[in-house]
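Reading through the structure tokens given below for one structure.
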Amino acid sequence: MMIITIDGPAGSGKGTLARRLAEDLGFYHLDTGLLYRSVAYTALHQGVDLTDEDALVALAADMPLTQLNKTLLAGEGIGRAASDVAKMPRVRVALLDVQRRTAHRPPGGKPGCVLDGRDTGTIICPDAPVKFFLTADLQERARRRCDELTAAGDAADFETILSMLRQRDEQDAGRAVAPLRCAADAHTLDTTHLTVEEILFFAKTIARDTMTLQRLDVCEGAA
Ligand code: C5P
Numbered sequence: 002m003m004i005i006t007i008d009g010p011a012g013s014g015k016g017t018l019a020r021r022l023a024e025d026l027g028f029y030h031l032d033t034g035l036l037y038r039s040v041a042y043t044a045l046h047q048g049v050d051l052t053d054e055d056a057l058v059a060l061a062a063d064m065p066l067t068q069l070n071k072t073l074l075a076g077e078g079i080g081r082a083a084s085d086v087a088k089m090p091r092v093r094v095a096l097l098d099v100q101r102r103t104a105h106r107p108p109g110g111k112p113g114c115v116l117d118g119r120d121t122g123t124i125i126c127p128d129a130p131v132k133f134f135l136t137a138d139l140q141e142r143a144r145r146r147c148d149e150l151t152a153a154g155d156a157a158d159f160e161t162i163l164s165m166l167r168q169r170d171e172q173d174a175g176r177a178v179a180p181l182r183c184a185a186d187a188h189t190l191d192t193t194h195l196t197v198e199e200i201l202f203f204a205k206t207i208a209r210d211t212m213t214l215q216r217l218d219v220c221e222g223a224a
């Protein structure tokens with residue numbers, strides 16, 4: 002079982018990289034941010050207060066992976082609400098097991114899993130053999146988010162998105178539990194001036210080299 006983790010702030014390119022890498026390698030892609038977005042979205046729609054940790058834990062404990070609807074959950078408002086929900090230690094605990102289980106036993110019998118989020122390399126899968134941490138300038142990340150939202154047919158004002166991303170980054174990196182951090186053994190990449198294909202090339206080269214080395218290790222052990 003091969004596990005690849007990709008962490009970084011919003012708009013750093015981790016979601017696109019995770020999706021493309023999973024497609025190319027035939028792995029399952031788990032977008033862990035969707036879990037937090039889904040809890041926040043459900044809470045808002047059921048009139049649950051976003052500070053009511055007990056109620057949010059109950060929603061999180063009951064969150065089926067199959068019902069994660071990316072299009073519905075994509076907005077920056079939901080991103081902000083997800084960040085509020087993600088600060089709560091017991092909500093994170095309630096979502097831990099499903100993430101670890103999915104990483105180690107991906108649906109569809111896939112031979113590996115690519116996870117992207119904020120704590121996938123530090124907390125969810127600290128033993129993952131391949132970890133990436135992506136960054137990019139705030140301005141560039143805001144521009145990418147605006148492009149994504151516009152492409153999805155949503156209104157996106159650059160200055161508003163910039164300020165929302167800044168606040169979300171501060172909250173995600175400054176919280177007490179599982180803050181956004183680069184794992185000590187992660188490969189870091191600043192994607193500000195890179196194309197998707199360049200980022201994919203970098204990641205795929207490292208992932209393939211690691212898989213080859215793992216296979217050689219197994220063969221040596223068996224000899
Ligand atoms: O990645 P995305 O922007 O969809 O994540 C939404 C929010 O969910 C993040 O701002 C963060 O607060 C939270 N999150 C988290 N841990 C993860 C993934 C997302 O705390 N592994």
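Counting from 2, one number per residue, gives the positions in the sequence shown under our numbering.
C-beta atoms are modelled at their ideal positions from N, C-alpha and C, and glycine is treated no differently.
None of the values given here were measured: they were computed from a predicted structure.
First and last residue of the uninterrupted beta strand (DSSP E) at residue i
i	result
THR6	3-8
Beta-bridge partners of residue i, as assigned by DSSP
i	result
GLY118	ASP8
LYS205	Looking at the DSSP assignment, LYS205 forms no beta bridge with any residue, so it has no partner.
LEU190	LEU135
GLY113	MET3
Spatial neighbours of residue i in its chain, beta-carbon cut-off 8 Å, leaving aside the 5 residues before and after
i	result
LEU139	LEU163, LEU166, ARG167 and ASP170
Residue burial classification, residue i (beta-carbon count within 10 angstroms, cutoff 16)
i	result
HIS46	exposed
ALA177	exposed
LEU57	buried
ARG93	buried
THR151	exposed
GLN100	buried
Contact check, residue i vs residue j, beta carbons under 8 Å
i	j	result
ALA143	PHE159	yes
TYR42	LEU74	yes
LEU195	LEU22	no
THR193	GLU141	yes
CYS147	ILE4	no
ALA62	ALA104	no
LEU60	VAL49	yes
HIS16	ALA137	At residue 16 the sequence reads Gly, which differs from the His that was named. Not closer than 8 Å, so no.
ALA129	THR6	yes
Sequence-distant residues of the same chain with beta carbon closer than 7 Å to residue i, five excluded per side
i	result
ASP186	LYS132
GLY175	none
ARG229	The first residue shown for the chain is 2 and the last is 224, placing residue 229 beyond what the model contains.
GLY34	ALA83 and GLY118
LEU190	PHE133, LEU135, ILE200 and PHE203
Terminal residues of the alpha helix (DSSP H) in which residue i lies
i	result
LEU31	It is not in any alpha helix (DSSP H) - LEU31 instead sits in the beta strand (DSSP E) that spans 29-32.
THR161	159-175
ARG102	90-105
ASP124	The amino acid at residue 124 is misidentified as Asp; the sequence shows Ile. Premise fails: ILE124 is in no alpha helix (DSSP H) and is neither H nor E.
ASP155	Counting along the chain, ASP155 falls outside any alpha helix (DSSP H), and DSSP gives it neither H nor E.
ALA82	77-87
6 Å CB neighbourhood of residue i in its chain, flanking five on each side removed
i	result
LYS88	ARG176
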